[in-house]
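A.B. asks: Its first residue numbered 1, the sequence shown is counted upward by one per residue in the UniProt record's numbering.
Cβ coordinates follow ideal geometry from the N, Cα and C atoms, glycine included.
Treat the numbers as computed from the prediction; the structure is a model and nothing was measured.
This is the structure, below, for whatever I ask next.
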Amino acid sequence: MSVQVADPVADLVQAAKRVLPGGTFGNMPAEVVLKEGKGGRIWDEAGREYVDFLLGSGPMFIGHAHPEVTAAVEAQVPLGTTYFGNNRHGIALAEAIVDAVPCAEQVRFVCSGTEADLYAMRAARAFRRRDKILKFEGGYHGMSDYALMSMAPRNPGNFPRAIPDSAGIPKSVQDEMLIAAFNDVEMAESLIKEHKDELAGVIVEPFQRLLPPAPGFLQALRRITQEHGIPLIFDEVVTGFRFAYGGAQEYYGVTPDLCTLGKIVGGGFALAAIAGRADIMAHFDKLAVADEDFLFQVGTLSGNPVAAVAGLATLEVLKRPGTYEQVFASGRTLMAALDGLLKKAGIKAQIVGEPPLFDVLFTDQTVRDYRDTLKGDKALATRFNQLLRARGIMKGESKYYVSLAHTQADIDHTINAWAESIAELKKG
Ligand SMILES: Cc1ncc(COP(=O)(O)O)c(C=O)c1O
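Right, here's the structure in full:
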């Protein structure tokens with residue numbers, strides 16, 4: 001007679017498959033059921049421990065359950081979690097953003113990066129009284145109809161034609177977006193010149209997914225957009241407060257007209273922001289512009305005090321001397337170790353990214369834009385990730401997010417897991 005042993009994880013997976021499409025929230029596979037995070041580690045429902053390079057898809061830059069963030073949230077919750085009106089913590093967070101981020105003269109809070117990007121594009125349209133937005137192939141700006149154009153085309157077409165990434169997007173949206181190749185100054189310049197009279201704005205991830213900007217690329221975008229009075233939007237949802245306290249605009253030394261922030265700025269809660277030039281942000285102010293130029297924007301949870309205190313506590317930690325140096329040192333050590341192991345094994349691969357955010361691409365060809373990234377051996381990357389998961393490394397499909405909380409023990413564990421997994425890859 002066999003005894004049935006209850007498997008709580010299998011039960012959860014089964015329940016998820018019953019009530020969630022695809023069995024998931026849309027982010028990670030159904031079999032990954034996470035329970036607890038602390039510092040740079042995370043545990044699943046089966047009790048397995050991982051060094052966490054997923055970091056909640058990026059927000060947990062100073063580590064899970066940071067004591068100062070926890071204390072700030074615990075102090076706020078009994079006072080109420082949302083009011084809809086202004087509150088002192090949201091105001092303080094907006095001030096902190098204005099102090100930190102070069103382009104930020106004013107701030108509007110929303111709850112997700114998707115919303116921030118959607119409203120930044122809308123603000124550019126309101127300001128310019130024109131419709132078209134230029135984005136870059138492979139660039140991710142959230143899930144709006146306009147953003148989901150040529151983000152991950154399986155069969156890239158001819159520039160500048162936009163290809164929808166999702167079902168359910170009205171056909172007309174395609175005609176409102178122009179697509180250029182990341183890191184191609186000539187293409188961007190000729191498209192902007194040709195369409196200058198219809199263009200409302202240019203949106204770019206200053207560090208696109210894993211791709212650093214080629215020297216001079218962001219500077220050229222800045223020059224060309226400025227020449228034609230077209231707002232340049234940096235999507236800093238990932239890079240904000242990560243590449244430097246002032247984000248990628250500080251790190252790469254190029255100031256856009258608007259930027260969007262998310263992830264780190266909400267300290268692990270639902271908060272994101274549009275920030276930028278006061279004359280463009282004025283479109284959010286009914287009294288500052290003509291009726292037809294007013295950008296109508298409200299949100300139930302915008303700037304709620306719990307997310308605001310979590311964001312403020314996170315920024316307090318990040319402001320301390322040595323924080324960015326520590327993250328960059330950890331990232332550099334990890335990148336060099338992985339590169340060395342792959343080279344020693346004779347595997348065609350390269351490490352792409354910057355120290356706070358990188359991954360391996362399994363190709364030895366030059367990688368500068370989205371189409372180059374398709375040259376990477378995806379099956380090998382998936383296999384590598386699976387081998388690593390089994391050895392206590394949690395990461396997304398294509399990113400290692402490095403945290404201030406990652407310790408030397410976390411780094412050592414990761415390097416060992418890499419060595420073992422690469423040995424497995426070699427076996428085939
Ligand atoms: C560059 C970038 N922009 C926008 C978004 C969307 O942010 P959210 O998931 O908060 O809507 C993301 C999310 O990963 C992102 O990486």
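Should Ile-233 and Gly-266 be called a contact, given that it needs their Cβ atoms to be closer than 8 Å?
C.D. replies: No; because the gap between Cβ atoms is not below 8 Å, this pair is not in contact.
A.B. asks: Could you tell me if the beta carbon of Tyr-400 falls within a distance shorter than 7 Å of some heavy atom in ligand 1?
C.D. replies: Checking every heavy atom of ligand 1 against the Cβ of Tyr-400, none is found closer than 7 Å.
A.B. asks: By the three-class DSSP mapping on this structure, what secondary structure does Glu-36 have?
C.D. replies: Glu-36: strand per DSSP, three-state reduction.
A.B. asks: Could you tell me if the beta carbon of Gly-56 falls within a distance shorter than 7 Å of some heavy atom in ligand 1?
C.D. replies: No, ligand 1 has no heavy atom inside 7 Å of this Cβ.
A.B. asks: Is Glu-205 helix, strand or coil by DSSP?
C.D. replies: Reduced to three states, the DSSP call for Glu-205 is coil.
A.B. asks: Can you name the start and end residues of the beta strand (DSSP E) that Ile-50 belongs to?
C.D. replies: The residue you asked about is not Ile; residue 50 is Tyr in the sequence shown. Tyr-50 -> beta strand (DSSP E) spans 49-52.
A.B. asks: Do Ala-381 and Phe-362 count as a contact pair if the criterion is CB distance below 8 Å?
C.D. replies: For Phe-362 and Ala-381, yes; Cβs fall inside 8 Å.
A.B. asks: When you compare each of Val-327, Ala-248, Glu-194 to Gln-219 by their alpha carbons, which one comes out closest?
C.D. replies: When each option's Cα is compared against that of Gln-219, the closest is Ala-248.
A.B. asks: Is the distance from the Cβ of Gly-240 to the Cβ of Leu-258 below 8 Å?
C.D. replies: No.
A.B. asks: First and last residue of the alpha helix (DSSP H) that includes Ala-272?
C.D. replies: Not the alpha helix (DSSP H): Ala-272 falls in the beta strand (DSSP E), residues 272-276.
A.B. asks: Straight-line CA distance for Ser-398 to Gln-76?
C.D. replies: Answer to the nearest angstrom: the Cα atoms are 36 Å apart.
A.B. asks: Buried or exposed for Phe-136, going by 16 or more other Cβ atoms inside 10 Å?
C.D. replies: Buried is the call here.
A.B. asks: Ser-166: beta carbon under 7 Å from a heavy atom of ligand 1?
C.D. replies: No, the Cβ of Ser-166 stays beyond 7 Å of every heavy atom of ligand 1.
A.B. asks: Could you pull out every residue in the same chain whose Cβ sits closer than 7 Å to the Cβ of Asp-293, ignoring the five residues on either side in sequence?
C.D. replies: Excluding residues within five positions, the ones whose Cβ falls inside 7 Å are Ala-126, His-283.
A.B. asks: Buried or exposed: which applies to Lys-193, given that a residue is buried once 16 or more other Cβ atoms fall within 10 Å of its Cβ?
C.D. replies: Exposed, since its Cβ has fewer than 16 Cβ neighbours within 10 Å.
A.B. asks: Between Phe-207 and Pro-215, how many whole angstroms is the CB-CB distance? I'm expecting something under 8 Å.
C.D. replies: Actually they do not touch by this definition, with Cβ atoms about 13 Å apart.
A.B. asks: Spatial neighbours of Glu-45 within its chain, please: C-beta separation below 7 Å, excluding the five flanking residues on both sides.
C.D. replies: Closer than 7 Å at the Cβ level, and outside the excluded window around Glu-45, lie Pro-8, Val-9, Leu-12, Val-33, Lys-35.
A.B. asks: Can you grab the Cα-Cα spacing for the pair Thr-373 / Arg-154, in whole Å?
C.D. replies: One C-alpha to the other measures close to 12 Å.
A.B. asks: So which residues put a beta carbon under 6 Å from any heavy atom of ligand 1, going in chain order?
C.D. replies: Result: Ser-57, Ser-112, Gly-113, Thr-114, Asp-117, Tyr-140, His-141, Gly-142, Glu-205, Asp-235, Val-237, Val-238, Gly-262, Ala-272.
A.B. asks: Quick test of the definition: if touching needs 3 or more C-beta pairs under 8 Å, does the region 100-111 touch the region 301-317?
C.D. replies: Judged by Cβ distances under 8 Å, the region 100-111 makes contact with the region 301-317, as three or more pairs qualify.
A.B. asks: Who pairs with Pro-164 in a beta bridge, going by DSSP?
C.D. replies: Answer by DSSP bridge pairing, in chain order: Met-149.
A.B. asks: Alpha carbon to alpha carbon, how far is Phe-25 from Asn-86? Give it in angstroms, no decimals.
C.D. replies: Using only the alpha carbons, I get a separation of about 31 Å.
A.B. asks: Starting from Phe-234, trace the beta strand (DSSP E) both ways and give me its first and last residue.
C.D. replies: Where Phe-234 is concerned, the enclosing beta strand (DSSP E) stretches over 232-236.
A.B. asks: Report all residues from its chain with a CB closer than 8 Å to the CB of Asp-131; omit the five preceding and five following residues, and keep chain order.
C.D. replies: Closer than 8 Å at the Cβ level, and outside the excluded window around Asp-131, lie Arg-125, Glu-176, Glu-198, Ala-200.
A.B. asks: Put residue 445 into one of helix, strand or coil per three-state DSSP.
C.D. replies: Residue numbering for the chain in the displayed model covers 1 to 428; residue 445 lies beyond these limits and cannot be assessed.
A.B. asks: Evaluate Ala-162 with the Cβ neighbour count: other Cβ atoms within 10 Å of its Cβ, from every protein chain shown; 16 or more gives buried, anything less gives exposed.
C.D. replies: Buried, by the Cβ-count rule.
A.B. asks: Please state whether DSSP places Arg-129 in a helix, a strand or coil.
C.D. replies: Three-state DSSP puts Arg-129 in coil, outside helix and strand.
A.B. asks: To the nearest angstrom, report how far apart Val-19 and Phe-269 are at their CA atoms.
C.D. replies: Taking the straight line from one Cα to the other gives about 25 Å.
A.B. asks: Does the region 79-99 come close enough to the region 53-66 that 3 or more CB-CB pairs lie under 8 Å?
C.D. replies: In short, these stretches do not touch, since the Cβ pair count stays below three.
A.B. asks: What three-state label does DSSP hand Glu-105 in the structure shown?
C.D. replies: Glu-105 falls in the coil class under three-state DSSP.
A.B. asks: Answer with buried or exposed for Arg-222, where buried requires no fewer than 16 other C-beta atoms within 10 angstroms of its C-beta.
C.D. replies: By the neighbour-count rule (16 or more Cβ atoms within 10 Å), Arg-222 is buried.
A.B. asks: Need the endpoints of the alpha helix (DSSP H) that Ile-179 sits in, please.
C.D. replies: Careful: Ile-179 lies outside any alpha helix (DSSP H), inside the beta strand (DSSP E) at 177-180.
A.B. asks: Starting from Glu-296, trace the beta strand (DSSP E) both ways and give me its first and last residue.
C.D. replies: Rather than Glu, the amino acid found at residue 296 in this sequence is Phe. Segment: none, Phe-296 is in no beta strand (DSSP E) and carries neither H nor E.
A.B. asks: If you reduce the DSSP assignment to three classes, tell me which class Val-77 lands in.
C.D. replies: Helix, per DSSP.
A.B. asks: Please list the terminal residues of the continuous alpha helix (DSSP H) segment that includes Gln-408.
C.D. replies: Where Gln-408 is concerned, the enclosing alpha helix (DSSP H) stretches over 408-427.
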